[in-house]
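Scroll down for the structure; my scribbles are underneath it.
In this note's numbering, the protein residues as written are 26 to 861.
In structure tokens, the structure reads:
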């Protein structure tokens, strides 16, 4: 891990801070630039719009005022000054007006841009020659034809044709208070637009929708005018240059004509920016003609943009100065932190005085304290504390080393030392000669001992077991407590396997001897596994093999030893598979109740013993010897006991209707018997199935009573108060004391099959069995003999006044539903005997 830390790249905190401030400056400049540019666009758009509004208002005012002024002046010049006060006739009046027009037309064209003038009568017939700067222009006649009577009285109008848009002057001619005709003049609107001067310069044009009609001359002129196809309109504007026209055409591509109406848009043409807008022409139908205003706003844009850039530059300079000040202010603190980095390695190397010297050397010289000064104080205090702790730790290290290798309670080696020593022995056993073996010892059912006599007494028991093991091995090897009730032994001096077997047997005998705990004798047993070291093994593998051997011994019933062979590993795997099947069996209800008859000495059935069988879907009926030990190890034996007890009560309820004196005995495991929930479940069964409690008999082992006499007696007494009978199973195998036997509130004693199977060949078994029967009779106990298979055994039991017997001589265990068949068969035989 230290190597990995050194390989990481190091960047000083002050440079990280500098980089962070630079990054913040960049973000700030970016944000300011974005803000000011947004403000620029808003201001620029507002400036363009205000400029467009101003130009539009100015344009309309100029055109309108110019028209009114021209109309008044021309009216005075053409009509009032030249018209005689009296005329002989309308013809004379027309002739006078015609002469005046001919004389004044050059001045009208020069000063008022009049490009055509005519005199018509009231029927719109031409009564004078045409005065025009063009060869031909029929626009006036066309416009006059469309005038209403009201409009003929005097108008200033607008009109557009293929040749352009015009301002029309109409001067009515009166004779004797009646209108006899009109003087019509027109001037091109574009000519007026060219004279409009604005600041900045604005190129003004007129947009006219395309007109396909007209004579050949007009169509030829129209084809030479700029046309915007997207708008379907011609553009009139003599001041437009190529870039203006390019901007107009681009606007036609980007915006519909209605979008430009009343607004201003900026278009970029090769770096030149144009403001383009469209406005209605006063006096025109908006669908007939519109003004087109185009302005070069490049200079204005650059001017405003330069102002924005100056503001950005100023704000950036201010932010830079501020951040530089912050960096300079913190640089000194970073230097102090840098010296702090030198302190902690010294503390790690336990150079406490040198660390304090660095703190004093670089202490803050200013009047104001800060967080680093507080850190200096903490570091100084820490060095003194660590210096004191270092002295205390050095004094305790030796004790800690000892505790790390030995069990504090028993004084034996612990698992760490056991593994270390075993690994060392495994690596050198061939060179040293001899054999090396790992022995694992686990006490049988130790949890039950803790639960019954208390953990304090259990710890005392472990201490005495450890002392016995150490005394048994002496100089042969190392004894260790591996944890809980598990011990480990390293055998180093064994010369042969037989020597190890002898030692294993000796250890089990020592363990099994009664142990005095504050005046109470407790008998325990252990399961022992042995694994012999082979070439290439390590300590972990050897311990694992010894544990497999130990569990093999435990599964065989305990109080035994086994030496590991590879087949055990396969068996352990099979046991694991069996565990899975057992859990499934509960779920799928594969367990079945069997009953084995108990008969009197005349072979008449007086009761049954409840047994359990496992109807495995693949293996068929599995005997209890194969799955009961596994269930005890899994902690499922109580669940199995409850199943058997419930099924037995149900079966007893069925039998009671026709056979009211038949009893059923149920085996209860020692773990379940002393469980506080057992009595609760028993009462629930008796409530669920209304039966005579005295016909239900609970069988407990003699070993259970001897291991925990006080708790066992309390439970037995509570069961007796319920009315249920109690039987001691496997009597004679648990080293029973006669003083205890006479105090037991039990009803039945069952002689173990080990004392029956060799009768009549074994004289000692016959003597033991007869004594047991005699003692039980003296104490008023009923006696049941197990494992009766021959008539000779039955004769012996009958001669010694045994009460009941069970075994293959009478019947093997049968499924619960077939028990009635046995009883019915027996009833039928009795009837035949009575008849005969």
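Using N, Cα and C, we set each Cβ at its ideal position, and we do this for glycine too. Nothing here was measured: the structure is a model prediction, and the numbers come from that model.
Q. DSSP three-state call for residue 920: helix, strand or coil?
A. Residue 920 lies beyond the range of the chain shown here (26 to 861); nothing can be said about it.
Q: Consult DSSP for residue 190 and reduce its assignment to one of helix, strand or coil.
A: strand
Q) To which residues of the same chain is residue 77 closer than 6 Å at the C-beta, ignoring the five residues directly before and after it? A) 289, 302
Q. Can you round the beta-carbon distance between residue 575 and residue 550 to whole angstroms, since I take them to be within the 8 Å contact cut?
A. That belief does not hold up - the Cβ atoms of residue 575 and residue 550 are roughly 13 Å apart, past 8 Å.
**Q.** According to DSSP, residues forming a beta bridge with residue 212
**A.** 192
Q. Along the chain, which unbroken stretches of the beta strand (DSSP E) at least 3 residues long are found entirely within the segment 791-843?
A. 807-810
Q: Could you please give me the residues that DSSP links to residue 228 through a beta bridge?
A: 319
Q. Going along the chain, which residues of its own chain have a beta-carbon closer than 6 Å to the beta-carbon of residue 73, five neighbours each way excluded?
A. 289, 300
Q) With DSSP run on the structure shown, which of helix, strand or coil describes residue 137? A) helix
(Q) On the DSSP letters alone, give me the boundaries of the beta strand (DSSP E) that residue 750 sits inside. (A) 750-756
Q: Can you tell me which of the three DSSP states residue 625 falls into?
A: strand
(Q) Helix, strand or coil, according to DSSP, for residue 521 in the structure here? (A) coil
Q | Endpoints, the beta strand (DSSP E) within which residue 546 is located | A | 545-547
Q: My understanding is that residue 43 touches residue 352, with C-beta atoms under 8 Å, so please give their C-beta distance in whole angstroms.
A: 6 Å
(Q) Just to check my reading of the structure: residue 508 and residue 435 have Cβ atoms closer than 8 Å, yes? What is that Cβ distance to the nearest angstrom? (A) The Cβ separation is near 11 Å, so there is no contact.
Q: Throw me the rounded Cβ distance for the residue 144 and residue 133 pair, which I believe falls under 8 Å.
A: Between residue 133 and residue 144 the Cβ distance is about 14 Å, and since that is not below 8 Å, they are no contact.
Q) CB residue 791 to CB residue 821, shorter than 9 Å? A) yes
Q | At least 3 beta-carbon pairs within less than 8 Å: the segment 740-756 vs the segment 711-729 | A | yes
Q.
Taking the alpha helix (DSSP H) that residue 148 belongs to, which residues open and close that run?
A. Taken as a continuous stretch (DSSP letters only), residue 148 belongs to no alpha helix (DSSP H), as it is neither H nor E.
Q | Nearest neighbour of residue 677, chosen from 634, 566, 113 [CA to CA] | A | 634
Q) Which stretch, first to last residue, makes up the alpha helix (DSSP H) that contains residue 283? A) 282-285
(Q) Classify residue 583: buried if its beta carbon has 16 or more other beta carbons within 10 angstroms, exposed otherwise. (A) buried
Q.
Just to confirm the assignment: which complete beta strand (DSSP E) runs, minimum length 3, are found wholly within the segment 470-529?
A. 502-508, 511-516
Q. Considering only residues of the same chain and omitting the five flanking positions on each side of residue 277, which have a CB-CB separation below 6 Å?
A. 253, 255, 256
Q. Is the distance from the Cβ of residue 232 to the Cβ of residue 344 below 9 Å?
A. no
Q.
The beta strand (DSSP E) that contains residue 773, what's its start and end?
A. 773-776
**Q.** the segment 518-531 / the segment 441-456 touching (three or more Cβ pairs under 8 Å)
**A.** no
Q | Reduced DSSP category for residue 705 - H, G, I as helix; E, B as strand; rest coil | A | helix
Q | Assumed close pair residue 692, residue 829 - CB separation to whole angstroms, cut-off 8 Å | A | Not really, about 16 Å apart at Cβ, beyond 8 Å.
Q) Which partner residues of residue 204 appear in the DSSP bridge assignment? A) 199
Q) Roughly how many angstroms separate the alpha carbons of residue 646 and residue 451, rounded to a whole number? A) 45 Å
Q) So is residue 799 in contact with chain B if we call contact Cβ pairs under 9 Å? A) Within the model displayed, chain B is absent; a lone protein chain is all it includes.
Q: Starting from the C-beta of residue 439, find all residues in its chain whose C-beta is less than 7 Å away, skip the five residues before and the five after it, and write them out in chain order.
A: 430, 431, 432, 505, 506
Q.
Within the continuous beta strand (DSSP E) that includes residue 692, where are the two ends?
A. 688-692
Q. Taking buried to mean at least 16 other C-beta atoms within 10 Å of its own C-beta, is residue 272 buried or exposed?
A. buried
Q: Keeping to the same chain, check which residues put their C-beta closer than 6 Å to that of residue 412; ignore five residues upstream and five downstream.
A: 377
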